[in-house]
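Q: Can you read through this structure? Questions will come right after.
Okay, here's the thing in structure tokens:
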């Protein structure tokens, strides 16, 4: 997941709004929160 | 008491001060203090009127010690559209760089965590691993927020909207 995020971020420029990056970063954030606390976020 | 009030009035003290001080019978000292405060206030007001007045007085006396700068002649940085656009461009570039840097850190931490978990293979997480997971969560949140926020107005080349015809 982190590798996918990195490749997607590398594709973007300063004028790009990438929904793929937003979704992947959100998925990593939720997974990390779930692993850390044992409960899903939100 | 009336005599002292007449003396203070002749000396140029404000009537309000005299009225305030007259309530204290025989209190000469408060009257003197009140007069001193009034005098200082009048002097400072007169000085501020001089410095804020016309430029004819500049170059003489106090004008040399405190040169007056006219703020209206300075270039308004915030109102200049070219400077504002440059600032937005710089902020957008900085945002992109920060996003790439956060993603690199996230990937590095994820690889380290993966190696540590695979090496230990205990089914439990150590404190250091939990810290790394928290850092990964924070970095992912930063990347998501930086991607959704942009500095300045969106650059669109869309034509202006066509008004709906009224019947």
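Chains as they are written, first to last, in this note's numbering: chain A, 1 to 42; chain B, 1001 to 1167.
Cβ coordinates follow ideal geometry from the N, Cα and C atoms, glycine included.
(1) Alpha carbon to alpha carbon, what distance is there between residue 1082 of chain B and residue 1129 of chain B?
(2) Does the region 1082-1094 of chain B come close enough to the region 1136-1144 of chain B to have 3 or more Cβ pairs within less than 8 Å?
(3) Under 9 Å Cβ-Cβ, which residues of chain B neighbour residue 26 of chain A?
(4) Does the beta carbon of residue 6 of chain A sit closer than 7 Å to a beta carbon anywhere in chain B?
(5) Please list the segments of the alpha helix (DSSP H) lying wholly inside the region 1075-1148 of chain B, counting only runs of 4 or more residues, in order along the chain.
(6) Taking 7 Å as the CB-CB cut-off, is residue 38 of chain A touching chain B?
(7) Do you know how far the Cα of residue 1110 of chain B is from the Cα of residue 1102 of chain B?
(8) So, with DSSP's three-state summary, where would you put residue 33 of chain A?
(9) So if I threshold CB-CB distances at 8 Å, which residues from the region 1091-1104 of chain B count as touching chain A?
(10) Taking buried to mean at least 16 other C-beta atoms within 10 Å of its own C-beta, is residue 1096 of chain B buried or exposed?
(11) Mind checking if residue 1088 of chain B is an interface residue toward chain A, Cβ cutoff 7 Å exclusive?
(12) For residue 1136 of chain B, collect the residues of the same chain with a Cβ closer than 8 Å to its Cβ; drop the 5 residues on either side in sequence, then sort them by chain order.
(13) Using 7 Å as the limit for Cβ to Cβ distance, is residue 1110 of chain B near chain A?
A: On the basis of the coordinates in this document:
(1) Each residue's alpha carbon lies about 48 Å from the other.
(2) In this structure the region 1082-1094 of chain B does not touch the region 1136-1144 of chain B; the number of beta carbon pairs closer than 8 Å is below three.
(3) What residue 26 of chain A touches in chain B: 1140, 1141, 1144.
(4) Yes, because at least one Cβ of chain B sits closer than 7 Å to the Cβ of residue 6 of chain A.
(5) For the region 1075-1148 of chain B, the full-length alpha helix (DSSP H) segments reaching 4 residues or more read 1081-1120, 1127-1148 along the chain.
(6) Judged by the 7 Å Cβ criterion, residue 38 of chain A is not in contact with chain B.
(7) One C-alpha to the other measures close to 12 Å.
(8) Helix at residue 33 of chain A.
(9) For the region 1091-1104 of chain B, which is checked against every Cβ of chain A, the residues closer than 8 Å are 1092, 1093, 1095, 1096, 1099, 1100, 1103, 1104.
(10) Buried, since its Cβ has 16 or more Cβ neighbours within 10 Å.
(11) Against chain A, the CB of residue 1088 of chain B has no partner CB under 7 Å away; the residue lies outside that interface.
(12) Same-chain partners within the cutoff: 1106, 1109, 1110, 1113.
(13) The beta-carbon of residue 1110 of chain B is placed less than 7 Å from the nearest beta-carbon of chain A.
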